[in-house]
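Q: Submitted below is the structure of interest, expressed as structure tokens.
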Amino acid sequence: MTAPLISARERWLNYAVLLLFAALALVPMVGVVAQALNLPDLDVATFGRAWREGHFATYMRNSVIVTVTVVAVASVLSIMAGYALGTLGFRGAGAVFLLFLAGLTIPTEAIVVPLYFDLRSAGLDNTYAGMILPQTAQSLAFGTFWMRAYFRGVPPALLEAARMDGASSWTTLWRVLVPMGRPAILTMVVLTAMWTWNEFLLPLVVVNSAEDLRTAPLGLSFFQGSHQTDYPLLMAGALIIAAPVVVLYLFLQRRFIAGMLSGAVKE
Amino acid sequence: MTARRRPGRPPGAPRNIGWLYVLPALAVYGVFLLWPLVRGFWFSLYDWDGISTGTWAGLSNYATVLTDPGLRGAFGHALILVVFYAILPCLLAFLLVAVITRTRVRGLALFRTVLFLPQVVAMVAVAVAWQWMYSADGPVNGVLHLLHRLGLPDWSRGWLGDFTFALPAVGLIGTWVELGLALVLFLAGAQRIPGELYDAARIDGAGPFAEFRAVTLPGLRRELAVALTLTSVMALRNFDLVYVTTKGGPGGATRVPSYEVYNRTFNTGEVGLACAIGVTLAVLVFALTAGIGRLAEGRGEAR
């Protein structure tokens, strides 16, 4: 940026505005940490109590199982679908793409009630599969949209070269394009992981009676129900369930931001 | 079929093998997303309590969505929340971007990281945190007590249990969460505005406001459309926050459509009506996404 020609007074005012907003953003976060650690005494025992009383070992394990499965299945299927829609140019590809694109705007609220009744009839309520399959479907909308955009950007000459070497479309995809596309795939993976980890409404409805299948956010909401005003304990619980995604975000910030901002960008 | 070759496709490339690649994704997507959507619409045409046999209701559930005072209230609340989730964060983000483009700020990366952080935290955790913030002896009332001691009126109250203030209190949580999204979008857009435009404006003696109106704002039109879309959709889909903080209370003051979908299904046994609310919500989200996008494109061309 160029040298600003602004007055010293405006400069101070600008810094004051930024500091104010930084404080407003930080106060709740710092407050939560301070509560959970019982500052200034620095007592980490609250975390242990929350972990045990909130059964977070079980709930975190469930969240890991659901998240890893959704991410793995959705990623493979999105890569395949995005590849076909982006490079293979088959008949009907346009319509299929629009179908996936429309899925980006379908809110969970619109499908959760029929899903509940149909999963129950199929015996899939209160199961991992009942949580995993619908969330995989939801992840496919973004995944396919995202991977198609990546595959469209691959130079046609590269595809041609692979073909000349006698590579099948399958080999070209997994041996050439996927290794090349690691940054795009990583973005998709972290976003799908975050959305699945944080999802609340779907597990709430699908896992309505099996306590041992609750995911981490679900566990926190029930924990809150049973410890209404024990704030240090609740804040520790909130930190426990937020931690995995926050750590991921701190390391892969640019991936998160790039992907989340693309959500509404049309081509 | 004529043998017209498409550019970028080698001769003899298998055309329809693409279907094999798409099929697995399409199957899962169709069964677990599109089919429930269709079923939801189907359910919405029935009066059904979820247990006994439903009776055909035609469009009467949609009529209820439009006429029932409670549900109209819920959609009205959603509209108010759009102000808090979308309009307020965009205005504040504009202020911050204006400030940032005027000053070479040190620590901008950290500032952005912190403000964007609420976006990645589970809404349930955000809700639990803010329930403490708004509690009787929480930080919000703590600050207000302090102001009271300094001579201002006593504004402290149980925010989330207050008939008048519960909805704005929930809305301000949304503002806190969505500000980072708008800011990051606008900052990315502002970086693409050529520096010469600012130089020219400053040489012309433009003050902060004139400069912002002449240079920054026109350059951010597209980002504004994206920010408004994403944040308005969040305002309509805020089930987690309402469920954890207020469950629609007190006295329905924070009832919103996304909560009513759950409430009417599992608490009052009006499954058909719940599905009608869900479908209405989906239509609103779709229209909002399409509409704001169209608006941004249209204006962009008129430039």
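As given, the protein sequences belong to chains A and B, one line each in that order. Under my numbering, the first residue of the first sequence is numbered 19, with each subsequent residue one higher. Under my numbering, the first residue of the second sequence is numbered 20, with each subsequent residue one higher. Every residue, glycine too, gets a C-beta built ideally from N, C-alpha and C. Small disclaimer: the values here were computed from a predicted structure and weren't measured.
Any idea which residues DSSP pairs W54(B) with across the strands?
A: For W54(B), which the question treats as bridged, DSSP gives no partner whatsoever.
Q: Residues of chain B with a CB under 7 Å from the CB of E71(A): which are they?
A: Result: empty, since nearest Cβ-Cβ is about 15 Å, beyond 7 Å.
Q: Against chain B, does E229(A) count as a neighbour if the rule is that its beta carbon must be under 8 Å from one of theirs?
A: Cβ-Cβ to chain B under 8 Å: no for E229(A).
Q: In or out: L209(A) buried (at least 16 other Cβ within 10 Å) or exposed?
A: It counts as buried.
Q: Is the Cβ of D136(A) closer than 8 Å to any Cβ of chain B?
A: So, interface residue.
Q: Which chain A residues are close to G59(B), counting only those with a beta carbon under 7 Å from its beta carbon?
A: Per Cβ cutoff of 7 Å: A128, I129, V131 and P132.
Q: What are the complete alpha helix (DSSP H) segments, minimum 4 residues, inside the segment 155-215 of chain A?
A: For the segment 155-215 of chain A, whole alpha helix (DSSP H) runs of length 4 or above, ordered along the chain, are 174-182.
Q: Since D66(B) sits in a beta bridge, which residues does DSSP pair it with?
A: Paired residue(s): T74(B).
Q: Of all the residues that make up the segment 39-67 of chain A, which are near chain B by a beta-carbon distance shorter than 8 Å?
A: From the segment 39-67 of chain A, only F39, A40, L42, A43, L44, V45, P46, M47, G49, V50 and Q53 have a Cβ closer than 8 Å to chain B.
Q: Measure the alpha-carbon distance for L200(B) versus V82(A) and round it to whole angstroms.
A: Looking at the two C-alpha atoms, the distance is approximately 27 Å.
Q: Could you round the C-beta distance between P250(A) and T85(A) to whole angstroms and report it? I think they count as a contact, below 8 Å.
A: That belief does not hold up - the Cβ atoms of P250(A) and T85(A) are roughly 27 Å apart, past 8 Å.
Q: Please report the distance separating the alpha-carbon of L90(B) from that of G288(B).
A: Computed Cα separation, rounded: 15 Å.
Q: What's the C-alpha gap between M61(A) and L238(A)?
A: It is Asp, not Met, that sits at residue 61(A) in the sequence shown. Taking the straight line from one Cα to the other gives about 21 Å.
Q: Using a beta-carbon distance cut-off of less than 8 Å, what residues from the segment 261-281 of chain B approach chain A?
A: Answer set for the segment 261-281 of chain B: Y262, V263, P276, S277, V280 and Y281.
Q: Quick check: the segment 206-226 of chain B against the segment 181-196 of chain B, are there 3 or more CB pairs under 8 Å?
A: Not touching, per the Cβ criterion.
Q: Do the segment 86-104 of chain B and the segment 164-179 of chain B touch if we need at least three Cβ pairs shorter than 8 Å?
A: Not touching, per the Cβ criterion.
Q: Provide the residue span of the alpha helix (DSSP H) that contains G49(B), from first to last.
A: Run containing G49(B): none; DSSP gives neither H nor E here.
Q: I want to verify the contact list: residues of chain A whose CB lies under 9 Å from the CB of P187(B), in sequence order.
A: Chain A residues near P187(B): none, gap ~16 Å exceeds 9 Å.
Q: What are the start and end residues of each continuous alpha helix (DSSP H) run of 4 or more residues lying completely inside the segment 225-275 of chain B, in chain order?
A: Within the segment 225-275 of chain B, the complete alpha helix (DSSP H) runs of at least 4 residues are 227-230, 240-255 and 258-264.
Q: What span of residues does the alpha helix (DSSP H) with I83(A) cover, start to end?
A: F74 to Y101 is the span of the alpha helix (DSSP H), which, as asked, contains I83(A).
Q: Taking DSSP as the reference, what is the three-state secondary structure of N56(A)?
A: Correct three-state label for N56(A): coil.
Q: From what residue to what residue does the alpha helix (DSSP H) around A68(A) run?
A: A63 to E71 is the extent of the alpha helix (DSSP H) around A68(A).
Q: How would you list, in chain order, the residues of chain B whose beta-carbon sits under 8 Å from the beta-carbon of V35(A)?
A: Correct list: L114, L115 and V118.
Q: Leaving out five residues on either side along the sequence, give the residues of the same chain with a beta carbon under 7 Å from the beta carbon of L222(A).
A: Within the same chain, L222(A) has close Cβ partners L236.
Q: For S71(B), does the count of other Cβ atoms within 10 angstroms reach 16, so buried, or fall short, so exposed?
A: Exposed is the call here.
Q: Hey, how far is the Cα of V225(A) from the Cα of V196(B)?
A: About 27 Å.
Q: Where does G267(B) land, buried or exposed, given buried means 16+ other C-beta within 10 angstroms?
A: With 16 or more Cβ atoms within 10 Å of its Cβ, G267(B) is classed as buried.
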